[in-house]
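S.K.:
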């Protein structure tokens, strides 16, 4: 079996491709060790490297120079031609739905209380392109509801826009109502180089906002939470409640 290995020498540096000595190609012919210089094999995006490996692993011909990214973008390499087609397909799906791991964007919201039916809460978070949702209500012995889904970069960009335009990172919860027996709300946001968290009591309506010591800041919080909740519930409906038609 023809074996190929790509080894990055740096975060964005070149890679090295080898044929291992003594390996056998698909036609049964022995293959001598061959080293492709790093200059011929740039360490490109993972998906492009995967496509190149799909071409190599599906043929017994000599290893050709690594094509330019522009060439690969216009080529359609069926992943089924690769002996690791399943793994490559999964890799492609992750790359299309997940943003860069270096993205520091993060949002978490919690609203809950301890009452007659125990700990009841609603919580969701956006982290590294994934939405995690939990809703626990012990009323009539309801069970904990959990949902989890991957989001496209476009969806994450829209969420970033909502958070950034709200200017919530400029607010301070020092004069906001403190948590009480009715419950509490928590909001944690990480946007670019700013990481901030808020804690306040549950807000029933804008009347509670107007009666607070910081109505302007609390109003920003109130409207942002409404937008985030609608955003999350819409995503859940699209992912889990809408059935495709054939």
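Residue numbers (full-length UniProt numbering): 1 to 246.
For each residue, glycine too, the CB sits at the ideal point set by N, CA and C.
Just so you know, these numbers come straight off a predicted model, no measurement behind them.
1) So, are the CB atoms of residue 134 and residue 120 less than 8 Å apart?
2) Might you give, ordered along the chain, the residues of its own chain that have their beta carbon closer than 7 Å to the beta carbon of residue 240, omitting 5 neighbours on each side?
3) By how many angstroms is the C-alpha of residue 115 removed from the C-alpha of residue 168?
4) With a threshold of 16 other CB atoms inside 10 Å of the CB of residue 109, please say whether the residue is buried or exposed.
5) Between 237, 236, 233 and 225, which has its C-alpha nearest residue 163's C-alpha?
6) Under three-state DSSP, which class holds residue 112?
7) Name the two residues that bound the continuous beta strand (DSSP E) containing residue 130.
8) Does DSSP put residue 141 in a helix, a strand or coil?
9) Going straight from the alpha carbon of residue 247 to that of residue 172, what length do you get?
10) Name the one or two DSSP bridge partners that residue 118 has.
11) Please determine, among 190, 184 and 205, the residue with the shortest C-alpha to C-alpha distance to residue 199.
12) Return the bridge partner residues of residue 194 from the DSSP annotation.
13) Would you check if there are 3 or more beta carbon pairs closer than 8 Å linking the segment 226 to 235 to the segment 199 to 209?
14) Could you give the residue range of the alpha helix (DSSP H) that holds residue 165?
15) Using DSSP bridges, identify the partner residues of residue 238.
16) Looking at the structure shown, is residue 181 part of a helix, part of a strand, or coil, going by DSSP?
17) Once DSSP output is grouped into helix, strand and coil, what is the label at residue 171?
18) Go ahead and pull the three-state DSSP assignment for residue 332.
19) Is residue 152 close to the ligand GDP? I mean its beta-carbon at under 7 Å from any heavy atom of the ligand.
20) When you compare only the Cα positions, how much space is there between residue 178 and residue 201?
M.R.: Taking the coordinates as given:
1) For the purposes of this step, residue 134 is taken as residue 134 along the chain shown, with counting starting at 1. For the purposes of this step, residue 120 is taken as residue 120 along the chain shown, with counting starting at 1. No; because the gap between Cβ atoms is not below 8 Å, this pair is not in contact.
2) Locating residue 240 in the chain shown gives position 240, where the first residue counts as 1. These residues qualify, in order along the chain: 147.
3) Residue mapping note: residue 168 aligns to position 168 of the chain shown, counting from 1. Residue mapping note: residue 115 aligns to position 115 of the chain shown, counting from 1. Going from the Cα of residue 168 to the Cα of residue 115 covers about 30 Å.
4) Here residue 109 is taken as the residue at index 109 of the chain shown, counted from 1. Counting every other CB atom within 10 Å of its CB across the protein chains shown gives residue 109 a total of 16 or more, marking it as buried.
5) On the chain shown, position 163 is the one that residue 163 refers to. Cα-wise, what sits closest to residue 163 is 225.
6) Here residue 112 refers to the residue found at position 112 when the chain shown is read from its first residue. Correct three-state label for residue 112: strand.
7) As a working note, residue 130 is residue 130 in the chain shown. Per DSSP, residue 130 is one residue of the beta strand (DSSP E) stretching across 130 to 136.
8) Residue numbering aside, residue 141 sits at position 141 when the chain shown is read from its first letter. DSSP places residue 141 in the helix class (H, G or I) of the three-state scheme.
9) Within the shown structure, residues of the chain are numbered from 1 to 246, placing residue 247 beyond reach of any answer.
10) For this step, residue 118 is matched to residue 118 along the chain shown. Note: residue 118 sits in a beta bridge opposite 115.
11) Residue 199 sits at position 199 when you count from the first residue of the chain shown. When each option's Cα is compared against that of residue 199, the closest is 184.
12) As a working mapping, residue 194 is identified with position 194 in the chain shown. Its beta-bridge partners are 191.
13) In this structure the segment 226 to 235 does not lie against the segment 199 to 209, because fewer than three pairs of beta carbons, one per stretch, are closer than 8 Å.
14) For the purposes of this step, residue 165 is taken as the residue at position 165 of the chain shown. In the DSSP annotation of this structure, the continuous segment of the alpha helix (DSSP H) that includes residue 165 starts and ends at 153 to 166.
15) Position 238 of the chain shown holds residue 238. For residue 238, no pairing in a beta bridge is given by DSSP.
16) Locating residue 181 in the chain shown gives position 181, where the first residue counts as 1. Under the three-state reduction of DSSP, residue 181 is assigned to coil, being neither helix nor strand.
17) The residue given as residue 171 occupies position 171 in the chain shown. In this structure, residue 171 counts as coil in the three-state DSSP scheme.
18) Nothing in the structure corresponds to residue 332, since the chain is present only between 1 and 246.
19) With respect to small molecules bound, the structure shown includes none, and the ligand GDP cannot be examined in it.
20) Counting from one through the chain shown, the residue named residue 178 turns up at place 178. Counting from one through the chain shown, the residue named residue 201 turns up at place 201. Spanning the two alpha carbons is a distance of roughly 5 Å.
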